[in-house]
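Chains as they are written, first to last, in this note's numbering: chain A, 1 to 498; chain B, 1001 to 1123. For each residue, glycine too, the CB sits at the ideal point set by N, CA and C. Accompanying notes for the structure given below.
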C-alpha cells in the first residue's frame, strides 16, 4: 500500500521520458506509447486518489532522500489525487476523440511530434498538480507553455503559426511576471518549498514585515497565471489559438492547460501564501472584477461569431471568468465552487470541441454556421454530445454546469455583507441568459431539418470519437447527479491544502 | 524612499531593465526585437536574483583551502536558480526564433501586424 507513494513521481517520469522517446519513433508507435503513458498515469492517479482518501492525510514524498530545506518534494492529498485523475481522463478522451481528425490534419511523418507534446503536457500538468516546490512549478509552467505552443502550431498552416506566436508572446510575459514574483518570494522568505515559505510568511505578517513586497509578489503571480489561463483582459491570444488548432489541441488547451494553471494558482494561494492572507488582500478584488467583466464580455463576443469553434473559444473566456469570480469572492465556498467549475467546465468544453470536430467532419470540414446546418442529423452522436455540452454550459439541471452555478450563487449569498454578493448574482443571471442565446443559436443551426443529405460526404464510423463523446456525456451527467460526493471530496481536499 | 532606491541600486536597475524588456516584448512590432525584449526581461530577473544572493566580501561557494564555514561564502541557491532560468530562457528563445523563421518564410515580413494582416487575408 505504501508503495503507492512513489506513483506520482513514477507517473511524471514515465510520461516525460516516453515523450522524449516518441520523438524518434514513427507516428503509429508514438501514438501507442503516448496512449499507454496516459492510461498508465490514469491508473496511477486513481491509485493515488484511493490512497489519499483511505489514509486521509496529505503525504509528502521526499525526492532523492534530501530532507526539507534542501531537497525537492512532491506532496499529495485528496484534491491532488482527484485532479490528477481528472486531468488524465480529460487527456485520454481528448486524444481518443480527435485522433482521426488529427491523422487527417497532420502528415504521418510528423504525427509523432504531436504525441511528444501530448506527453510533455501531461507530465507538466501532473507535476504542477503534485509539486511542493515553487521553482519546480515554474520550470514545468515553461515546459507546458512550449508544449502548448507545439500543439497550436502542429498543423503548420499560416494562421496557426500566427496564433502560436501570439500565444507565446502573452505566455512569456506571464512567465516573466511569475519568475520575478518567485524571486521576490524567495528573497523575503529564503525558501523555495511551499510549506517552509508559508511558515515564514505567517511570521512575517504577524510582525508586519515586508508587507509591500509580499503584496507585489501576490499581484505579479496572480496576473502572470491569469495571463496564461486567458482571464479576460489577457485573452487576446485565445480565440485564434483555439480556432486554428486541430480539435484535440483545442480540447487539451482549454480543458487541461488553462485549468492546470488555475489549479496551481489556487494551490499557491493555499500552500504558499496562506489563504487567510489572500482573503484579506485587495488583490482578489481585482481577480473578481476581471472575472465578472470576462463573464459578460466573453459571452457578448461569442454571440457575434459565425464560426462554431470560435464561438466555443469565446465561451471559454466567459467560463474562465466564472472560475476567477469564484476565486475572487474571497470565501472558502467560492474557492470550492471555482474548483468544481474547473471540473465541470473542462468536461463540457473538451466535449464541445470534440463534438464540433465531429460535426464539421460531416459538413465539409468547415465550422461556419452556414455549412453546419443540419449536421447533427449526419453525425448523431456528435449532435447529442454538443447538445449535452451546450446545456451544461447554459446550466440546465442534471448537468455539471448547473451544479457549479448553484454553488457560485450559494457562495455569493452565504456572504450577504459583502458588496460582491449582488454583483455576482446579477452577473450570473445575465451571463446565463447570454450563454443561452449563443448556444441556442448553435443548437438550432445544427439540428435544422434538411431535406436531403449531401451526397459527397463520406460517412465513415469513427468509433474512438463515439466512445470519447459517450464517456464525456456520462462524466458530465455524473458530475451533475452525483455532485454531493465530488463536492465533499473537494471540501476535504481543500481542508488538507494548507 | 528615494534613498532606498539608491541603496539597493542592483534591484532598481533590475526592475528598470525588466520593465524595458516587458514593454518591448509586449508592444514592439518587430519579432526579433520582441525576442530581444524577452531576453532582456529574463536577464533582469537573473540580475535581481544574483544581487540578492551576493554578500559583500564573501567568496564564491566553492570550497578551497579547506574552509568549510558557511560564513565564508555567498548564498549558492540564487546562482542555481539563475542557471535553471537560463536553460528555460534559452529554450523558449529557440522556440520563438524557430517560429519567427517559419513566419518570415511564409509571409516575408518580421512585422507582427503585417503578418497578422496577411494571415487574415489568406482566409
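Distance between residue j and residue i (C-alpha atoms, nearest Å)
i              : j              : result
residue 380/A  : residue 30/A   : 31 Å
residue 1070/B : residue 146/A  : 38 Å
residue 408/A  : residue 337/A  : 5 Å
residue 59/A   : residue 81/A   : 11 Å
residue 1032/B : residue 1025/B : 10 Å
residue 468/A  : residue 476/A  : 12 Å
residue 245/A  : residue 114/A  : 12 Å
residue 486/A  : residue 128/A  : 21 Å
residue 137/A  : residue 203/A  : 24 Å
residue 221/A  : residue 19/A   : 29 Å
residue 576/A  : residue 387/A  : This structure cannot settle anything about residue 576/A, because the visible part of chain A is limited to 1 through 498.
residue 423/A  : residue 472/A  : 32 Å
residue 433/A  : residue 93/A   : 30 Å
residue 447/A  : residue 356/A  : 13 Å
residue 226/A  : residue 233/A  : 9 Å
residue 213/A  : residue 272/A  : 15 Å
Within chain B, partners of residue i - CB distance below 7 Å
i             : result
residue 142/A : 1088 and 1092
residue 214/A : Near residue 214/A there are no residues of chain B at all, since even the closest Cβ is about 16 Å away, more than 7 Å.
residue 193/A : Going along chain B, no residue has its Cβ under 7 Å from residue 193/A, so there is no contact; the nearest lies around 12 Å.
residue 445/A : Near residue 445/A there are no residues of chain B at all, since even the closest Cβ is about 21 Å away, more than 7 Å.
residue 149/A : 1095
Any chain B beta carbon closer than 9 Å to residue i
i             : result
residue 307/A : no
residue 243/A : no
residue 116/A : no
residue 246/A : no
residue 367/A : no
residue 138/A : yes
residue 164/A : yes
residue 153/A : yes
residue 173/A : yes
residue 146/A : yes
residue 15/A  : no
residue 88/A  : no
Beta carbon proximity, residue i to chain A, threshold 9 Å
i              : result
residue 1029/B : no
residue 1118/B : yes
residue 1042/B : yes
residue 1112/B : yes
residue 1076/B : no
residue 1021/B : yes
Beta-carbon neighbours of residue i, restricted to chain B and to distances below 8 Å
i             : result
residue 168/A : 1092, 1095, 1096 and 1099
residue 135/A : 1081 and 1084
For residue i, the three-state DSSP class (helix, strand or coil)
i              : result
residue 68/A   : coil
residue 60/A   : strand
residue 504/A  : Absent from the model: residue 504/A. The displayed extent of chain A is 1 to 498, so no value can be given.
residue 451/A  : coil
residue 76/A   : strand
residue 131/A  : strand
residue 1073/B : strand
residue 1042/B : helix
residue 281/A  : coil
residue 462/A  : coil
residue 193/A  : strand
residue 1008/B : coil
residue 31/A   : helix
residue 267/A  : helix
Which listed residue (the options) has its alpha carbon closest to that of residue i
i              : options                           : result
residue 242/A  : 268/A, 155/A and 179/A            : 155/A
residue 177/A  : 197/A, 191/A, 141/A and 24/A      : 141/A
residue 95/A   : 237/A, 252/A and 365/A            : 252/A
residue 383/A  : 75/A, 188/A and 466/A             : 466/A
residue 437/A  : 183/A, 299/A, 231/A and 21/A      : 299/A
residue 175/A  : 1016/B, 1006/B, 1102/B and 1041/B : 1041/B
residue 1017/B : 24/A, 180/A and 51/A              : 180/A
residue 1013/B : 1039/B, 1027/B, 1001/B and 1045/B : 1045/B
residue 236/A  : 1/A, 171/A, 361/A and 435/A       : 171/A
residue 1063/B : 1022/B, 1076/B and 1003/B         : 1076/B
residue 378/A  : 449/A, 415/A, 391/A and 189/A     : 449/A
Where residue i meets chain A, residues with beta-carbon distance less than 8 Å
i              : result
residue 1052/B : 183, 186 and 187
residue 1045/B : 176, 179, 180 and 183
residue 1026/B : 169 and 173
Under 7 Å from the C-beta of residue i: neighbouring residues of chain A
i              : result
residue 1034/B : 169
residue 1085/B : 179
residue 1115/B : 162
Within-9 Å CB hit, residue i to chain D
i             : result
residue 159/A : Annotation note: the requested chain D is absent from the structure, which comprises protein chains A and B.
Distance cut-off 8 Å: residue i Cβ against heavy atoms of the ligand GDP
i             : result
residue 137/A : This structure does not include the ligand GDP; it has no bound ligands of any sort.
Partners in chain A for residue i, counting only beta-carbon separations shorter than 9 Å
i              : result
residue 1122/B : 157, 158 and 159
Chain B contact residues for residue i, given Cβ-Cβ distances below 9 Å
i            : result
residue 82/A : The contacting residues do not exist; residue 82/A stays about 29 Å from chain B at best.
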